[in-house]
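Since the structure comes first, as structure tokens, the remarks are kept for the end.
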Amino acid sequence: MIETILILVIVLAIPLFFIGVFMISGYNRLVGLRNRFKNAFAQIDVQLKRRYDLIPNLVETAKGYLKHERETLEAVIQARNTAVSANAAAGQNPGDPAAMKQLAGAENMLTATLGRLFALSEAYPDLKANTTMNNLTEELTSTENKVAFARQAYNDSVMTYNTARERVPTNIIAGMFKFDAAELFEVEKPEQREAPKVSFS
Amino acid sequence: MDFFARQDQARRHTVRLVLYFILAVALTVLLIYLIVAVIFLRDGASDNLLRLWDPGLFAGVAAATLLVILAGSLIKTAALAGGGGAVARMLGGVLLNSQTDDPDERRLLNVVEEMAIASGTPVPEVYLLPGEGGINAFAAGFQSTQAAIGVTRGCMRLLSRDELQGVIAHEFSHILNGDMRLNIRLMGVVHGLICITVIGRVLLYSSSRHHAYGRYALGARSSGRGNNPLPLLGLGLLVIGGIGVLFARLIKSAVSRQREFLADAAAVQFTRNPDGLAGALKKIGGLTQGSRLQSAHAEEASHLFFGNGLKPSLFQGFSTHPPLIERIQAIDPQFDGTFPAVSDIKPAEPRQPSGRPPAPERPRRQVRPPMLPDLLGMAAAGAAAGSPLSRPPPPPLPARDLVNHVGQPQPNHLDYAVELLAALPSEVNVAVRDPLGAVAMVYGMLLSPDPAMRSDQVEMLRQKVEEGCLAELKRLAPSLASLHHAFRLPAVELAFPALRQLSPPQYERFRSVTRAIIESDRQLDLFEFSLGRMLARHLDGHFHPTRPKGAQYHALKPLLPDLTVLLSALAQVGNVEEARKEAAFAAGLKRLGFGGETTLLPMAECHLGRIEPSLDKLALASPALKKRLLDAALDVVAADGTIRVQEADLLRALADTLDCPMPPLLPEGSDLTN
Chain A
44 MIETILILVI VLAIPLFFIG VFMISGYNRL VGLRNRFKNA FAQIDVQLKR RYDLIPNLVE
104 TAKGYLKHER ETLEAVIQAR NTAVSANAAA GQNPGDPAAM KQLAGAENML TATLGRLFAL
164 SEAYPDLKAN TTMNNLTEEL TSTENKVAFA RQAYNDSVMT YNTARERVPT NIIAGMFKFD
224 AAELFEVEKP EQREAPKVSF S
Chain B
98 MDFFARQDQA RRHTVRLVLY FILAVALTVL LIYLIVAVIF LRDGASDNLL RLWDPGLFAG
158 VAAATLLVIL AGSLIKTAAL AGGGGAVARM LGGVLLNSQT DDPDERRLLN VVEEMAIASG
218 TPVPEVYLLP GEGGINAFAA GFQSTQAAIG VTRGCMRLLS RDELQGVIAH EFSHILNGDM
278 RLNIRLMGVV HGLICITVIG RVLLYSSSRH HAYGRYALGA RSSGRGNNPL PLLGLGLLVI
338 GGIGVLFARL IKSAVSRQRE FLADAAAVQF TRNPDGLAGA LKKIGGLTQG SRLQSAHAEE
398 ASHLFFGNGL KPSLFQGFST HPPLIERIQA IDPQFDGTFP AVSDIKPAEP RQPSGRPPAP
458 ERPRRQVRPP MLPDLLGMAA AGAAAGSPLS RPPPPPLPAR DLVNHVGQPQ PNHLDYAVEL
518 LAALPSEVNV AVRDPLGAVA MVYGMLLSPD PAMRSDQVEM LRQKVEEGCL AELKRLAPSL
578 ASLHHAFRLP AVELAFPALR QLSPPQYERF RSVTRAIIES DRQLDLFEFS LGRMLARHLD
638 GHFHPTRPKG AQYHALKPLL PDLTVLLSAL AQVGNVEEAR KEAAFAAGLK RLGFGGETTL
698 LPMAECHLGR IEPSLDKLAL ASPALKKRLL DAALDVVAAD GTIRVQEADL LRALADTLDC
758 PMPPLLPEGS DLTN
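Line by line, the protein sequences give chains A and B.
Numbered per the numbering used here, the first sequence finishes at 244, counting up by one with no gaps.
Numbered per the numbering used here, the second sequence finishes at 771, counting up by one with no gaps.
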């Protein structure tokens with residue numbers, strides 16, 4: 044009688060063991076991948092914040108020269124503020140589709156208004172010659188490059204996560220433990236901006 | 098006891114660990130069998146103990162128990178193989194970003210960076226445990242390439258800079274000594290014993306549900322025996338599991354307690370400041386929560402921590418750490434037992450500035466991007482922000498006793514690291530902290546100084562990397578051109594946290610581009626080579642973790658061809674005249690006791706294609722052999738009385754490949770203009 048129980052236990056235990064192992068490793072894998080894209084978003088976040096910090100100063104500097112272009116300047120500030128709150132919302136929940144789409148939209152708007160500002164400043168040689176303006180523009184370009192790089196890393200991680208959660212058999216675990224699909228962070232390519240030329244030799 | 102002897106000792110401890118574990122498993126099986134037999138085999142009348150023996154039952158119990166224990170161990174070990182970060186996250190750790198604004202986080206990262214540079218290792222990942230108010234810290238990771246340091250919120254906020262430095266130095270000594278590998282193995286192995294408790298609990302609670310049913314259905318309360326043996330079995334397993342936990346703690350304490358004293362001693366020696374570490378220990382004593390951890394995983398990871406993370410246990414023998422008072426008295430014999438009163442800080446509060454003026458901070462380093470006032474032209478005169486010219490580096494360190502300092506950085510290494518970091522140009526300092534900047538900086542460092550070659554390399558880069566990266570590279574070019582050579586490897590060590598943030602596809606591109614640049618100039622540039630090896634070893638270790646290989650060579654004879662290549666390369670690069678080359682080579686051979694058994698290879702045969710596989714093979718030597726190898730290499734390099742920049746770089750590459758962290762060195766009064 045006891046032997047039967049024991050044999051039963053062992054016979055049941057072996058497949059249960061394998062199922063257990065599979066479940067634990069699948070869960071761990073999904074958690075790891077989710078962590079990775081959340082960390083990747085944190086990297087974008089740092090650079091976006093830097094970008095948002097630079098913009099008010101840029102606008103202040105430009106104000107003195109672009110006295111009659113108030114709408115453009117205000118549009119930039121508006122777009123920047125919208126982007127700041129969209130970023131904060133996305134930071135609470137990286138990968139959430141609604142938040143990411145909103146952030147992407149806000150970023151696109153900001154890039155567009157900045158583009159208008161820089162297009163305008165072409166007509167003001169004094170502004171273009173101003174060293175502060177040049178420093179800020181260069182810093183802004185550099186920060187935008189860093190944002191793009193960080194976005195690439197984020198999107199790579201999101202794709203890996205999404206693929207893992209759709210694959211059989213990990214998708215079973217994804218369903219069981221509510222691993223939702225993450226959203227990519229896609230923006231439109233910014234126009235090439237004229238950064239001060241640095242000779243490279 | 099030096100680094101190499103400690104590595105050997107760590108190996109012996111592992112053997113001891115396995116033996117204890119086997120003993121514990123055997124005892125556990127016996128005890129479980131006893132309980133099962135008592136429950137199932139005893140018929141009320143007879144008390145004959147011999148009746149309890151049933152070979153079939155024993156085999157079954159043994160098999161089931163072994164299955165559970167081994168499964169638990171294997172699963173845990175596999176989960177932990179993901180590196181120190183896996184352990185940190187299990188405990189609730191949050192990875193700190195090296196561009197953080199929070200002053201306490203910044204301070205912690207500064208301390209870790211100084212130690213990493215002083216000991217010649219890449220900056221490890223740093224995790225914060227925000228939910229832990231007690232003062233505690235840990236270091237984890239299977240290999241030094243996967244090391245992670247974790248620090249509780251209490252530790253970060255409540256300690257002074259000196260005390261924090263003492264704690265981090267203690268953790269670094271665990272990393273340098275190879276204790277971590279043993280610790281992780283311990284965790285995996287012991288987890289199997291703890292599993293039994295879990296199963297016992299499950300059985301106990303599940304059968305109590307049956308109990309409720311049974312009461313309504315049968316109208317009678319079962320005693321738990323006879324009809325329904327499971328709950329008693331569950332209870333029994335819980336008891337056994339508790340015994341398993343005790344065995345686990347015994348094993349852990351047998352292996353780990355002495356090491357805590359050793360790590361304390363190493364930390365004091367490294368920082369040359371006993372007050373720091375003693376102060377931290379005293380604050381633990383003064384805080385109500387002490388070093389206790391809230392996490393549910395505190396038991397599993399108890400031996401990894403700086404202070405005792407569990408409630409004080411009944412039996413001293415079961416504790417993984419020596420008593421607090423003993424530890425303090427070992428550092429500060431005058432200690433009279435009174436602890437300072439330390440009040441906790443709520444999680445959301447930053448550290449409140451006290452009325453007193455702050456203690457003199459080490460030279461403040463500018464780690465933010467150029468401050469906005471500076472960009473707007475309002476910088477205070479004399480600020481170093483944005484200046485592309487580097488300040489001169491601190492004076493050189495003696496090259497003697499280098500090998501003795503492997504894994505045991507000295508106080509002057511730490512001072513040197515602090516000054517080096519303070520003198521690092523701010524452009525570079527900012528660049529190393531974000532992934533794009535770090536990648537661009539590495540590319541920039543690898544570019545050839547020869548203009549023609551350089552423009553070819555840039556053309557090649559244009560095909561392979563994105564515009565943003567190229568733009569960043571152009572931005573950094575002036576700073577890198579004027580960067581003193583002494584800063585180069587430390588800057589790369591600082592870049593590792595950012596490089597680890599690359600996504601796997603980005604990392605593959607980075608690797609292939611760096612390889613393309615290194616191979617493009619077809620010359621033996623040893624700095625490039627050592628940089629490439631360092632990147633490969635530590636980043637591959639992060640992105641493609643592999644099991645560490647044990648020592649395969651315990652005698653020098655089989656390694657003779659590889660030794661020849663290495664010593665020849667060193668001799669060739671460090672000397673100009675043929676006679677000197679031969680002399681240097683002979684000096685190295687003499688140190689190894691090989692006399693005239695092999696000859697110096699010509700320059701043509703000392704190319705990277707041969708050095709690389711030789712180094713790979715030498716990496717599989719035992720620690721004692723590695724020590725002799727490094728001694729011999731140093732003899733070759735020092736034979737002509739000066740150590741050139743190229744030789745210094747190759748020595749560090751060699752040490753890094755052999756997993757022997759070598760503190761920074763500068764040539765002793767020789768030319769740095771190369």
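From the three backbone atoms N, C-alpha and C, an ideal C-beta is built for every residue, glycine too.
For this session: Select from the stretch 48-59 of chain A all residues with a C-beta closer than 9 Å to any C-beta belonging to chain B, and list them in chain order.
Result: Correct list: Ile48, Leu49, Ile50, Val52, Ile53, Ala56, Ile57.
For this session: Could you list which residues in chain A have their beta carbon closer than 7 Å to that of glutamate 569/B, in chain order?
Result: In chain order: Ser185, Asn188.
For this session: List the DSSP bridge partners of isoleucine 87/A.
Result: Note: isoleucine 87/A sits in no beta bridge, so no partner.
Exercise. Is any heavy atom of the ligand FAD found at a distance shorter than 7 Å from the C-beta of valine 64/A?
Worked result: This structure simply doesn't include the ligand FAD, nor any ligand for that matter.
Problem set entry | Alpha-carbon to alpha-carbon, proline 532/B and aspartate 276/B | Those two C-alpha atoms are separated by around 30 Å.
Exercise. What whole-angstrom Cβ distance do glycine 376/B and aspartate 259/B have, given they're in contact under 8 Å?
Worked result: That belief holds up - the Cβ atoms of glycine 376/B and aspartate 259/B are roughly 7 Å apart, short of 8 Å.
Problem set entry | Supposed contact pair tyrosine 540/B and valine 610/B - C-beta distance, whole angstroms, cut 8 Å | At roughly 7 Å, the Cβ-Cβ gap stays under 8 Å, so valine 610/B and tyrosine 540/B are in contact.
Problem set entry | Within-8 Å CB hit, glutamate 117/A to chain B | Not one beta carbon of chain B lies nearer than 8 Å to the beta carbon of glutamate 117/A.
Problem set entry | Members of the stretch 376-391 of chain B that neighbour chain A once the beta carbon cut-off is set at 7 Å | Going along the stretch 376-391 of chain B in chain order, one finds no residue with a Cβ nearer than 7 Å to chain A.
Exercise. Where do the ends of the beta strand (DSSP E) carrying glycine 565/B lie?
Worked result: Note, glycine 565/B: premise wrong, no beta strand (DSSP E); alpha helix (DSSP H) at 564-578.
Exercise. Based on the DSSP secondary-structure assignment, which residues constitute the bridge partners of glycine 247/B?
Worked result: DSSP lists Tyr224/B, Phe235/B as the beta-bridge partner residues of glycine 247/B.
Exercise. Hey, is aspartate 756/B's beta-carbon within less than 8 Å of any beta-carbon in chain A?
Worked result: Aspartate 756/B is outside the set of residues whose beta carbon lies under 8 Å from a beta carbon in chain A.
Exercise. So, is glutamate 210/B buried or exposed, given that buried needs 16 or more other C-beta atoms within 10 angstroms?
Worked result: Glutamate 210/B is buried by the Cβ-count criterion.
For this session: Please report how far the alpha carbon of cysteine 699/B lies from the alpha carbon of glutamine 669/B, in whole angstroms.
Result: The residue you asked about is not cysteine; residue 699/B is proline in the sequence shown. Proline 699/B and glutamine 669/B: Cα-Cα distance of roughly 8 Å.
For this session: Would you mind sorting serine 241/B into buried or exposed? The rule is 16 or more other CB atoms within 10 Å of its CB.
Result: Under this definition serine 241/B is a buried residue.
For this session: In angstroms with no decimal places, state the Cα-to-Cα distance between valine 673/B and proline 546/B.
Result: The alpha-carbon atoms of valine 673/B and proline 546/B are separated by roughly 21 Å.
Problem set entry | Which of helix, strand or coil DSSP assigns to phenylalanine 402/B | When DSSP states are grouped into helix, strand and coil, phenylalanine 402/B belongs to the strand group.
Exercise. What does alanine 168/B reach in chain A if we use C-beta pairs closer than 7 Å?
Worked result: Those within 7 Å of alanine 168/B in chain A are Phe60.
For this session: Tell me, please, which residues DSSP counts as bridged to alanine 718/B.
Result: For alanine 718/B, which the question treats as bridged, DSSP gives the partners Tyr650/B.
For this session: Flag glutamine 196/B as yes if its beta-carbon sits less than 8 Å from any beta-carbon of chain A, otherwise no.
Result: Taking Cβ atoms only, chain A reaches closer than 8 Å to glutamine 196/B, which makes this a yes.
For this session: Specify, as a first and last residue, the run of the alpha helix (DSSP H) that glycine 671/B falls within.
Result: Per DSSP, the unbroken alpha helix (DSSP H) holding glycine 671/B starts and ends at 657-671.
Problem set entry | Whether alanine 207/A touches leucine 73/A by CB criterion (8 Å) | In this structure, leucine 73/A lies closer than 8 Å to alanine 207/A by Cβ.
For this session: Spatial neighbours of isoleucine 45/A within its chain, please: CB distance less than 7 Å, with the 5 preceding and 5 following residues excluded, ordered by chain position.
Result: Closer than 7 Å at the Cβ level, and outside the excluded window around isoleucine 45/A, lies no residue.
Problem set entry | Contacts that isoleucine 172/B makes with chain A (C-beta to C-beta distance below 9 Å) | Within chain A, Gly63, Val64, Ile67, Ser68 have C-beta atoms less than 9 Å from the C-beta of isoleucine 172/B, given in sequence order.
For this session: In angstroms with no decimal places, state the Cα-to-Cα distance between isoleucine 272/B and serine 719/B.
Result: Taking the straight line joining both Cα atoms gives about 19 Å.
For this session: Identify, in the order they occur along the chain, each residue of the same chain with its Cβ nearer than 6 Å to the Cβ of alanine 107/B, setting aside the five sequence neighbours on each side.
Result: Only Gly275, Leu279 meet the Cβ criterion.
For this session: Could you tell me how far apart the beta carbons of proline 506/B and proline 221/B are, in whole angstroms, since I believe they sit closer than 8 Å?
Result: Actually they are not in contact, since the Cβ atoms of proline 506/B and proline 221/B sit about 15 Å apart, beyond 8 Å.
Problem set entry | Same chain, Cβ closer than 8 Å to valine 230/A, neighbours up to 5 away in sequence not counted | Correct list, in chain order: Ala147, Glu150, Asn151, Thr154, Arg194.
Exercise. Under 9 Å Cβ-Cβ, which residues of chain B neighbour serine 200/A?
Worked result: Chain B residues near serine 200/A: Ser600, Pro601.
Exercise. Does any C-beta atom of chain B lie closer than 8 Å to the C-beta of alanine 191/A?
Worked result: Chain B, which has a Cβ nearer than 8 Å to the Cβ of alanine 191/A, makes this yes.
For this session: Look at glycine 373/B and glycine 263/B and say whether their C-beta atoms are less than 8 Å apart.
Result: Cβ atoms of glycine 373/B and glycine 263/B: closer than 8 Å.
Exercise. Secondary structure at leucine 192/B, three-state DSSP: helix, strand or coil?
Worked result: In the three-state reduction of the DSSP assignment, leucine 192/B falls in the strand class.
Exercise. In chain order, what residues of the same chain have a beta carbon less than 7 Å from the beta carbon of proline 460/B, not counting five sequence neighbours either side?
Worked result: Here proline 460/B scores only 42 on pLDDT, less than 50, and its place in the model should not be relied on; the value that follows carries that caveat. Cβ within range, chain order: Ala519.
Exercise. Excluding five sequence neighbours on each side, which residues of the same chain lie with their C-beta closer than 6 Å to the C-beta of asparagine 711/B?
Worked result: The sequence shown places serine at residue 711/B, not asparagine. Excluding five sequence positions before and after serine 711/B, the CB atoms of its chain that fall closer than 6 Å to its own CB belong to Asp659, Val662, Leu663, given in chain order.
Exercise. Between which two residues does the alpha helix (DSSP H) harbouring arginine 424/B extend?
Worked result: Its alpha helix (DSSP H) spans residues 421-428.
Exercise. Can you give the beta carbon distance from glycine 338/B to isoleucine 293/B, rounded, assuming they're within the 8 Å contact cut?
Worked result: That pair is a contact at about 4 Å.
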